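Structure first, then comments.
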Amino acid sequence: MLNISRISKTFNHGTVNEKRAITDLSLHLAPGDFVTIIGSNGAGKSTLFNAICGDFLTDSGSIILNGEDITFMPAFKRSKHIGRLFQDPMRGSAPGMTIEENLTLAAASGGWLSHVTKADKKRFRERLALLGMGLEERMKQPVGLLSGGQRQALTLMMATFVPPWLLLLDEHTAALDPATAERVLEITRDIVNKDKITTLMVTHNMQQALELGNRTLMMDAGGIVLDVKGEERAKMTVADLLSQFRDRAGKNLDNDRMLLS
1 MLNISRISKT FNHGTVNEKR AITDLSLHLA PGDFVTIIGS NGAGKSTLFN AICGDFLTDS
61 GSIILNGEDI TFMPAFKRSK HIGRLFQDPM RGSAPGMTIE ENLTLAAASG GWLSHVTKAD
121 KKRFRERLAL LGMGLEERMK QPVGLLSGGQ RQALTLMMAT FVPPWLLLLD EHTAALDPAT
181 AERVLEITRD IVNKDKITTL MVTHNMQQAL ELGNRTLMMD AGGIVLDVKG EERAKMTVAD
241 LLSQFRDRAG KNLDNDRMLL S
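So the sequence shown is numbered by my numbering: it starts at 1 and just counts up by one.
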């Protein structure tokens, strides 16, 4: 499904601000993999997502998605097959447009907003009802009036209304209160499992990283220092993760946000 082969990226090359963000990174995801990613700030997690989405071109290496070489493909073309959620609930939807209008754009139903059919509206209501947030009764309300959790759940639905080849979740619950975050995670699990969407999810919560999905990656200094799955992952504890990180990265994990989660 996703084959990343030896990509590297250096920003501001040749200047005093030179920053090696990704170093000779390779990664293979099978169809339906749900992979969690953890790492300190600056480890390269979001930069990896940006490389996959085409926000910049890598200096070397290749990115193959569903058998198609997207290494030099423009970002807008990649977005047809890649869904992405950010930490900020305000990103990913149009606040001045209604819930119905946002879903229409996501579903690409009829092309123009005026062409929404009764069947489309029925489908939107049915999908929204699955969120358990009452949004199916508020379809004519602007998205800007929703709470952060409601908006993030809607954005998740928009990103997966037409199941993408790949779903990227960049700490998409970090800005939500604990109860709402847990609900959005539950919705995430349901959608990903139902449609068997290949997923990469960045999280700062190490326990969560071991419980969600079927595989866990740990990143440091622009590379993958740990890739664990199966029985080994099932038996692993947070203490084991910290020990593995120390052994492989040659230093202790010093991210307070992760350690306190």
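Ideal placement from N, C-alpha and C gives every residue a C-beta, glycine not left out. Please read all numbers here as calculations on a predicted model, not as lab measurements.
- Runs of the alpha helix (DSSP H) lying entirely within the stretch 153 to 199, each at least 4 residues long, are 178 to 195 in chain order.
- Pairing L154 with T173 gives a Cβ-Cβ distance that is not under 7 Å.
- If you draw a straight line from the Cα of L145 to the Cα of L105, it is about 19 Å long.
- Taking all protein chains in view, the Cβ of D254 is surrounded by fewer than 16 other Cβ atoms within 10 Å, so the residue is classified as exposed.
- Boundaries of the alpha helix (DSSP H) around F124: 118 to 129.
- Using a Cβ distance threshold of 7 Å, L166 and L85 do not count as a contacting pair.
- Annotated as proximal: T216 and T36, with beta-carbon spacing under 7 Å.
- Judged by pairs of C-beta atoms under 8 Å, the stretch 1 to 14 touches the stretch 44 to 60, as three or more such pairs exist.
- Rounded to the nearest angstrom, the gap between the Cα atoms of I82 and G222 is 22 Å.
- Rounded to the nearest whole angstrom, the CA to CA distance from K196 to D190 is 10 Å.
- Only buried fits F124, as 16 or more other CB atoms lie within 10 angstroms of its CB.
- Per DSSP, the continuous beta strand (DSSP E) segment holding I7 begins and ends at 2 to 11.
- In this structure, the beta-carbon distance from L168 to F49 falls below 7 Å.
- The same chain holds no residue with a CB closer than 7 Å to that of L130 once the five nearest residues on each side in sequence are set aside.
- At the C-beta level, A249 and D220 come within 7 Å of one another.
- A Cβ-Cβ distance of about 7 Å is found for the pair A107 and V162, placing them in contact under the 8 Å criterion.
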